[in-house]
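In mature numbering (1 follows the signal peptide of the UniProt record, and there is no 0), the protein residues as written are -20 to -1, 1 to 343. Read the structure below first, then the notes.
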């Protein structure tokens, strides 16, 4: 227990100034609308994040820039399972989050250690199980501000690389569902298997799901929950060096919302952090115990991390790691225009990331 609490104390000190980030890359989402502006096009940005020295949503997809602009800055902050609404961080830091932010009393439904992405050794529901109120512990049950994300995560700026820069297209606090339609070029046939790509920028564990909502409907969370898209097999992970790895994906369908719908666990382990004389340091005794679980590739960096950075397939701060997922278009869908929603429920933080893209479903 002391080690767990020391690790949590250090983690709080370290990442309270670092928001998690992820975003849909393909189909290209509405949230990437700023990429139409010269200063945000082709992977550029008018500023860089320090101490990293790169654009806020920087990534590459193969050899091409992701054209993400500020897509990774559309999310929801301060969201605990069982709550009616998110608090925007008003109830204290949400990264990490160690409390029931609204007092709902909801119990975690994902308690299998193999389905948890942080603090796996803690008994589910115990005081040491500090992530038990965070979104991934009951996938889909945490509220969101908007199913397509909110610029900067709430009504005010989320500090620590969560601040949205106002442009002619969007401003801080805007709702993603109100962004204009942006054709992605995706035409999907009913019953077919289709591919999607998303980027993991700052890693806070958890897992993700894709959903569909008809374009002519109100783009609400309830609408997206009506049509979750099933996964059509294992995903692939593209590493920074261009290597493509087929994952042994972990799918979770117990305790999820919609009931019985399938989510996929984030397979990238973060690092266990312990206190040191300087305030924090990585594992005092290098080895496999430095990570929460085994990474999906051979990654010696994860056994002796020195900085808040990126291993090949592990770490907290990831620059060029993209997921290639395979989905099945539901057979019952009527052909027409739809909006694809991507939702990532974090586990170490009370945060949910969302992106939305326009797609056409054909017969």
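We put the CB at the ideal spot given by N, CA and C, even for glycine.
Cβ pair residue i, residue j closer than 8 Å
i: residue 120; j: residue 244; result: no
i: residue 6; j: residue 177; result: yes
i: residue 325; j: residue 211; result: no
i: residue 170; j: residue 313; result: yes
i: residue 4; j: residue 335; result: yes
i: residue 155; j: residue 130; result: yes
i: residue 272; j: residue 98; result: yes
i: residue 87; j: residue 105; result: yes
i: residue 142; j: residue 132; result: yes
i: residue 302; j: residue 39; result: yes
i: residue 61; j: residue 118; result: yes
i: residue 229; j: residue 240; result: no
i: residue 316; j: residue 163; result: no
i: residue 20; j: residue 49; result: yes
i: residue 199; j: residue 214; result: no
i: residue 175; j: residue 66; result: no
i: residue 184; j: residue 294; result: no
i: residue 179; j: residue 25; result: no
i: residue 186; j: residue 246; result: yes
Segment limits, beta strand (DSSP E) that includes residue i
i: residue 334; result: 331 to 342
i: residue 203; result: No beta strand (DSSP E) contains residue 203, which is instead part of the alpha helix (DSSP H) from 201 to 205.
i: residue 302; result: 302 to 308
i: residue 248; result: Premise fails: residue 248 is in no beta strand (DSSP E) and is neither H nor E.
i: residue 224; result: 224 to 226
i: residue 194; result: 187 to 194
i: residue 319; result: 316 to 325
i: residue 216; result: 216 to 218
Collapsed DSSP secondary structure at residue i in the structure displayed
i: residue 12; result: helix
i: residue 169; result: strand
i: residue 130; result: strand
i: residue 156; result: helix
i: residue 64; result: coil
i: residue 175; result: strand
i: residue 259; result: Confidence in residue 259 is poor, its pLDDT being 37 and thus under 50, which makes the residue's placement unreliable; the coordinate value appears in the next sentence. DSSP places residue 259 in coil when its eight states are reduced to three.
i: residue 2; result: strand
i: residue 291; result: coil
i: residue 144; result: coil
i: residue 163; result: strand
i: residue -17; result: Model confidence at residue -17 stands at a pLDDT of 41, short of 50, so the residue's coordinates are unreliable; what they give is reported in the following sentence. Looking at residue -17 - three-state DSSP - the assignment turns out to be helix.
i: residue 280; result: helix
i: residue 96; result: coil
Closer than 7 Å: residue i CB and nearest the ligand MG heavy atom
i: residue 82; result: Among the components modelled here there is no ligand, and therefore nothing to report on the ligand MG.
Bridge partners - residue i, DSSP secondary structure assignment
i: residue 297; result: 182
i: residue 232; result: 243
i: residue 271; result: 251
i: residue 211; result: 307
i: residue 138; result: 142
Length-filtered (3 minimum) beta strand (DSSP E) runs lying within the segment 18 to 62: For the segment 18 to 62, whole beta strand (DSSP E) runs of length 3 or above, ordered along the chain, are 54 to 57.
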